[in-house]
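Mature numbering (1 follows the signal peptide of the UniProt record, and there is no 0) puts the sequence shown at residues -23 to -1, 1 to 632. C-beta: ideal position from N, C-alpha, C; glycine also.
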Amino acid sequence: MGVFNQFRIWVLTICLVFQSGYGFYLPGSYPHKYGVGDELWVKVNSLTSIDTEMPFSYYSLPFCTPDGGIKDSAENLGELLMGDRIENSPYRFNMYKNETEIFLCKTDPLSAEKFNILKDRIDEMYQVNLILDNLPAIRYTKKEGFVLWWTGYPVGVKLQDVYYIFNHLKFNVLVHKYEETNVAGVMGTGDADMIPSGKMKSNVPGYMVVGFEVIPCSVTHNVDSVKNLQKYGKYPTAVKCDPNTVSMSIKEGQPIVFTYEVTFEESDIKWPSRWDAYLKMEGSKVHWFSILNSLMVITFLAGIVLVIFLRTVRRDLTRYEELDKEAQAQMNEELSGWKLVVGDVFRAPTNPSLLCIMVGDGVQILGMAVVTILFAALGFMSPASRGTLVTGMLFFYMILGIAAGYVAVRLWRTIGGGDHIGWVSVSWKAACFFPGIAFLILTTLNFLLWGSHSTGAIPLSLFVILLLLWFCISVPLTLVGGYFGAKASPIEFPVRTNQIPREIPAQKYPSWLLVLGAGTLPFGTLFIELFFIMSSIWLGRVYYVFGFLFIVLMLLVVVCAEVSLVLTYMHLCVEDWKWWWKSFFASGSVAIYIFLYSVNYLVFDLKSLSGPVSATLYLGYSLFMVVAIMLATGTVGFLSSFWFVHYLFSSVKLD
Ligand SMILES: *[C@@H]1O[C@H](CO)[C@@H](O)[C@H](O)[C@H]1NC(C)=O
C-alpha cells in the first residue's frame, strides 16, 4: 500500500505540473478593460476553407503587414495541432472612437505568382479569420428574410470570371461599459492580480469588448491619391461601403489599396455572455430529441437484458421446479445451450495479446473522452480558449496510460491463467498500438500538408515534442500501469476449461452478420449528435453543448454494454463459445457505421471537398477517429460481456 500511496502522490504532482504548464485558464477567459482611446489590435488566424480543410497562413496572401513585423501569438499545443496560427495584424482601433476612411497600405503591384495564389484562394472559398480581444469576427448576412451569421469573411468573390477582393473592412465593436462591482463578481477574487491594478481603481469610464462584427466591402480606390499617405492616414475621399456590390477587381501588375473603418457601439451584453452570439445557432430541441432517441434504444435493450436475466439465470436456477414440465422442456431446448459450453467458454481466444492490448487502449481512450467532455461540460474549456480541448485530450490520454497498462496486463494474466511472463511486452505494445496507428496516419497526412505549405501541417518541432511526450511520459506511465497489473491477482474463472475444444454446431446466421447488425443500435443513439460534432469539426462551427454530449456519451456506453451482452448471450445459447472477439466487435462495429456516415457527409454535406488532397485529409482524419471509437466502444462491449459471462457461470453451480 505504501508504494501505491507514493504512486498516487506522484500522479498528483504530474497533474499539477501539467496544469500549470498548459493551464485550462487561458488568457481571454478573464475580462480586459480598456480606457477610452486605448489601442486595440486585431489579430489574425489562419485562412480557412470548408472547401479544402487546409488552413494557410494569413500572410501567404498579399495583405498589409504590421509595422513591427509579423509575430506569433502565444499558443498551446492544441492550437498548433488544429492548424491555428494566430499572428498580429496592422488593424488598430482606439477604444470608443469612431473612425472612418483609415488608410492601411498599398501593396506592391501583384506579381503573376501572387495573383494566381489569390485567385486560387478565392476559388476555394478561403476566408479571413480576425480576432479582437479573443473574440472571432462575426459576419451577418441576410438571406430570404433570415439572418445568418458566420465567423470571418471571404477573401474575395468571383463574379462572371472576374475576381474581386474585399479590401475595405467595416468593423463594428460592441462594448460594455465597465462597472466595478460587476466585474469583481465575474472574476472572483483570485484573478484580480491578472489585471493591472492601476486601471482597476481608476474612475475613468472603461469598456470591455463584448462583440466584434465585420462587414467586408470591395471598393475601388484611387491609387494616386494614396501616394503620400502614411499608414493610418485619412483616405482623402469618403468610402462608401456597400456589402451588396463589389468593384475592386484584381489584376496582375496592379496594386491593392486596403482601408478600414470602425464604429463602437455600447451594448447591454455582459462580458460573461459575450460568446452567446456565437452559440445561438441551433436550438437545444434537436439535442433533446437525440437523447430521447437514445433512451428509447436503451430501454428496448434493457428490456431484453432483463428478460435474459430473469428467464435464464434466476428461473433456471432457483425456481426450476416451479415451472410446469412443458415450458421447462421448451426452455431447456431454447435457452440452455449456454450450459453446454461450460467447458469451453473461458478457453483463451485466438490472438489473446492483441485483444488485451486493444482493450487496454480502449479503456485509455474512453477514459480520456469521458474526462475531457466532463471538464468541457463543466466549463473548464470554453470556446474562448482555443485549443484547450485538444490539449486537454492529449494530457488526459497520457495520464490514462496507467489505466491502459493495468487493464491490458491484468486481462493478459487472466486469460493466460496467471502467468507473469510477457507483461512488459504487453504493456509496451499497449503503449504503442493506438499511438502508433495515430502516428502513421498523421505522418502520412502531414506529408500531404507539407507538400501544400498549409499551416495545418504539424511543424517539425511539434512533431518532436509529440514523440517526446509519447516516449517520455505515455510509455513509462503505461509500463507503470502494467507493473501494477502484473502484481494484481488475476481474475479467477469460475469453471474449468476442458482439454478438448467442443465442436461448434452450424449456425443459422453467420455471426459476422449478427456482429455487424449489433453495431446499428449504438449508431442509432449517436447519429443525431454526430451531425453537430461533424459540422463543428469540419465547418468550423462552435460546438458548445458539452453537457448534452456527456449525456450522449454515457448513453452510448450503456447501449454498447447492453448490445454486446445480449449478443454474447445469443451466441452462447447456440453453443458458440467463441465470444471474446465477437463481444468486442459487437459494439465496436458501430465504428464502421460512423465511417460510412463520414463518407456520406463528405459526399453530401461537404460536396466532396475540392480535390483529392482535401478528400484524403478528410478520410485520413475520419479513419483516425473511427479507430479510436472502435477501440473505446469495443472495450465497453467486451468488458460488459466478460462480466456477464463470469457472472453467468459463477452463479451456476454446475457439476
Ligand atoms: C459610433 O457610431 C455609431 C453608429 O453610427 C453610434 O451608434 C455610436 O454612438 C458612435 N460612437 C461614438 C463613440 O461616437
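Residue nearest to residue i in terms of C-alpha spacing, selected from the options
i	options	result
G210	E76, K406, S627, P453	E76
P67	G55, V21, V105, P32	V21
A609	D553, T432, I334	I334
L573	H397, I246, S591, G496	G496
R479	Y570, V551, V200	V551
D28	E539, G611, I514, I392	I514
K74	L112, Y35, D15	D15
S628	H397, K316, G459	K316
I79	R69, S50, M602	R69
F626	R473, F509, V191	R473
F601	I342, G494, E469	I342
I281	K406, S541, P249	S541
G356	G524, D582, W18	G524
Y103	L549, F277, V336, S34	S34
G378	F562, F410, P487	F410
I47	L351, P131, W18, N53	W18
F286	S591, P482, M547, V318	M547
N199	S226, T420, P43, V234	V234
Residue environment, residue i, which counts as buried when at least 16 other CB atoms sit within 10 Å
i	result
H145	buried
F619	buried
P173	Unreliable placement is indicated for P173, whose pLDDT of 45 sits below 50; no coordinate value is reported for it.
E242	exposed
R387	buried
S466	exposed
Y624	exposed
F373	buried
A161	Residue placement at A161 is poorly supported in this model, since its pLDDT is 41, which falls under 50; the coordinates still yield a value, given next. Answer is exposed; the Cβ neighbour count stays below 16.
A353	buried
L417	exposed
7 Å CB neighbourhood of residue i in its chain, flanking five on each side removed
i	result
F266	I505
V622	V322, T545, W556
E101	S26, D28, T29, S587
T327	none
K96	Y140
L151	V187, G188, E242, S244, I246
W558	P326, L332
S599	F572, S575
CA-to-CA distance, residue j to residue i, given in whole angstroms
i	j	result
V13	A568	55 Å
V367	V543	35 Å
F424	P436	11 Å
V239	L81	13 Å
V347	M531	8 Å
V55	R363	Correcting the residue type first, residue 55 is Gly in the shown sequence and not Val. So the two alpha carbons sit approximately 8 Å from each other.
K135	L439	37 Å
N205	P213	11 Å
A114	L272	39 Å
L57	N106	16 Å
P8	P182	15 Å
F148	T128	13 Å
F123	N93	35 Å
E229	P86	7 Å
G458	M370	19 Å
G339	L454	16 Å
I392	S404	15 Å
Y11	C218	28 Å
I414	T197	52 Å
D245	Y155	11 Å
G314	K485	14 Å
V613	T222	56 Å
P329	W389	7 Å
S23	S202	32 Å
A605	M345	11 Å
P193	S224	12 Å
C41	Q137	27 Å
G494	E190	49 Å
Residues near residue i by beta carbon distance below 6 Å, same chain, minus five either side
i	result
L616	none
W447	P412
M607	G565, A568
T118	L125
beta-carbon residue i near ligand 2 non-hydrogen atom, thresh 6 Å
i	result
K247	Ligand 2 is absent from the structure shown, which contains only ligand 1.
Cβ shell of residue i (< 8 Å), same chain only, five flanking positions each side left out
i	result
I275	T502, L532, V535, V536, E539
Exercise for the section: Quick one: residues with CB closer than 6 Å to any heavy atom of ligand 1, in chain order, please. Expected result: Counting every residue whose Cβ lies closer than 6 Å to a heavy atom of ligand 1, we get Y73, N75, T240, F241, E242.
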